[in-house]
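**Student:** Quick one: the structure is below, questions incoming.
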Amino acid sequence: SQTIHQWPATLVQPVGSPLSLECTVEGTSNPNLYWYRQAAGRGLQLLFYSVGIGQISSEVPQNLSASRPQDRQFILSSKKLLLSDSGFYLCACLFSGTGRTGELFFGEGSRLTVL
Amino acid sequence: AQSVTQLGSHVSVSEGALVLLRCNYSSSVPPYLFWYVQYPNQGLQLLLKYTSAATLVKGINGFEAEFKKSETSFHLTKPSAHMSDAAEYFCAVRFTGGFKTIFGAGTRLFVKA
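So the sequences go chain by chain: A and B. As numbered in this note's numbering, residues 150 to 264 make up the first sequence, in order. As numbered in this note's numbering, residues 42 to 154 make up the second sequence, in order.
So this is what it looks like as structure tokens:
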């Protein structure tokens with residue numbers, strides 16, 4: 150079966166520290182992968198998406214970056230965190246073969262608090 | 042610009058009452074439309090989707106939504122609310138020709154006993 154793993158689930162980091170959130174997908178190959186951020190009381194903001202290894206599209210200029218070193222691995226990073234980076238980060242996957250009508254599947258999320 | 046709007050950030054209903062959550066999209070071409078539900082501290086789960094087949098779409102947990110092209114709407118309904126329906130609901134669109142899914146701001150549903 151197809152599953153999405155995110156870690157860590159919870160993270161508390163000081164301002165200026167680095168960040169690495171990881172997302173891995175099982176049970177599929179060549180998926181489209183997405184990072185969303187959900188700030189308190191707000192909707193989901195698309196941050197990055199990737200249609201293949203090494204292919205990253207950035208939606209919002211910001212303090213974050215993404216990488217896809219392997220087909221089923223998607224990493225969200227920052228060199229220096231800001232207070233405004235706090236939020237709930239969700240990795241999502243559009244499984245291959247579902248086409249443009251397919252729905253996204255989501256991981257359980259990573260909650261980041263920057264102090 | 043292409044967008045999706047959910048009317049009402051909070052909706053409160055009594056248990057057993059009708060649930061109506063509103064969603065409108067802005068596009069000259071009908072997009073693919075989705076409703077997701079999110080329980081606290083969890084990821085999103087698909088309720089239902091419209092992909093240009095039947096305009097009335099039935100989903101899980103008794104929810105359904107009707108696509109109305111003339112109104113550019115895709116409102117979510119459930120005839121009788123249950124306490125377990127309390128959650129946040131997101132309308133989402135994927136415009137033809139792309140792989141990006143854009144989400145509305147969400148509507149938090151409260152169910153009163």
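Just so it is clear, CB atoms sit at the ideal spot from N, CA and C, and this is done for glycine as well. Model, not experiment: these values are computed from the prediction.
Just the C-alpha distance for Val152/B and Ser235/A, rounded to the nearest angstrom, thanks.
**Tutor:** Looking at the two C-alpha atoms, the distance is approximately 29 angstroms.
**Student:** Out of Ala158/A, Pro180/A, Leu230/A, which has the shortest C-alpha to C-alpha gap to Gly246/A?
**Tutor:** The shortest C-alpha separation from Gly246/A is found at Pro180/A.
**Student:** Between Ser226/A and Ser233/A, which are expected to be in contact by the criterion C-beta below 8 angstroms, what is the C-beta distance as a whole number of angstroms?
**Tutor:** Not a contact, Cβ separation roughly 16 angstroms.
**Student:** Let me see if you follow: with CB-CB separation under 8 angstroms, is Leu170/A close to chain B or not?
**Tutor:** Answer no: the Cβ-Cβ gap between Leu170/A and chain B never drops below 8 angstroms.
**Student:** Taking the alpha-carbon of Lys228/A as reference, which of Gly176/A, Gln211/A, Ile153/A has the nearest alpha-carbon?
**Tutor:** Nearest C-alpha to Lys228/A: Gln211/A.
**Student:** Out of Arg63/B, Phe75/B, Ala133/B, Phe140/B, which has the shortest C-alpha to C-alpha gap to Leu150/B?
**Tutor:** Per the Cα distances, Arg63/B.
**Student:** Under 7 angstroms Cβ to Cβ from Gly176/A, same chain only, skipping five residues before and after it: list those, please.
**Tutor:** For Gly176/A, where only same-chain residues beyond five positions count, the Cβ hits under 7 angstroms are Ser150, Gln151, Thr152.
**Student:** Please state whether the Cβ-Cβ distance between Val200/A and Cys242/A is less than 8 angstroms.
**Tutor:** It is not a contact, given that the beta carbons lie outside the stated cut-off.
**Student:** Per DSSP, what kind of secondary structure is Lys141/B in: helix, strand or coil?
**Tutor:** Residue state, collapsed to three classes: coil.
**Student:** Could you pull the start and end residues of the beta strand (DSSP E) that Thr46/B belongs to?
**Tutor:** Unbroken beta strand (DSSP E) run through Thr46/B: 44-48.
**Student:** Quick one: give me the first and last residue of the beta strand (DSSP E) that Gln155/A is part of.
**Tutor:** Unbroken beta strand (DSSP E) run through Gln155/A: 152-156.
**Student:** Run through DSSP, which three-state label would Lys110/B get?
**Tutor:** In this structure, Lys110/B counts as helix in the three-state DSSP scheme.
**Student:** Is the Cβ-Cβ distance between Phe244/A and Phe255/A less than 8 angstroms?
**Tutor:** Their beta carbons are not under 8 angstroms apart, which means Phe244/A does not touch Phe255/A by this criterion.
**Student:** Do Gln83/B and Gly258/A have their C-beta atoms within less than 8 angstroms of each other?
**Tutor:** Yes, these two residues count as a Cβ contact at 8 angstroms.
**Student:** Starting from Val60/B, follow its DSSP beta bridges and name the residues at the other end.
**Tutor:** For Val60/B, which the question treats as bridged, DSSP gives the partners Lys119/B.
**Student:** Can you tell me which of the three DSSP states Ser93/B falls into?
**Tutor:** Three-state DSSP puts Ser93/B in coil, outside helix and strand.
**Student:** Note down, in chain order, every chain B residue with its Cβ under 7 angstroms from the Cβ of Thr250/A.
**Tutor:** Those within 7 angstroms of Thr250/A in chain B are Tyr73, Thr92.
**Student:** Measure the CB-CB distance between Trp184/A and Tyr238/A and report whether it falls below 8 angstroms.
**Tutor:** A contact, by the Cβ cut-off of 8 angstroms.
**Student:** Whose Cβ in chain B lies nearer than 7 angstroms to the Cβ of Phe255/A?
**Tutor:** What Phe255/A touches in chain B: Gly84, Leu85.
**Student:** Are the Cβ atoms of Gly57/B and Ser125/B separated by less than 8 angstroms?
**Tutor:** Taking 8 angstroms as the Cβ cut-off, Gly57/B and Ser125/B do not qualify as a contacting pair.
**Student:** May I have the straight-line CA-CA distance separating Gly165/A from Ser93/B, to the nearest angstrom?
**Tutor:** Going by the C-alpha atoms only, they are around 47 angstroms apart.
**Student:** May I ask you to list, following chain order, the residues of the stretch 188-210 of chain A that have a beta carbon less than 9 angstroms from some beta carbon of chain B?
**Tutor:** From the stretch 188-210 of chain A, only Gly190, Arg191, Gly192, Leu193, Gln194, Leu195, Tyr198, Val200, Ser206, Glu208 have a Cβ closer than 9 angstroms to chain B.
**Student:** Nearest to Glu129/B by CA position, among Thr142/B, Gly147/B, Ser114/B, is which residue?
**Tutor:** When each option's Cα is compared against that of Glu129/B, the closest is Gly147/B.
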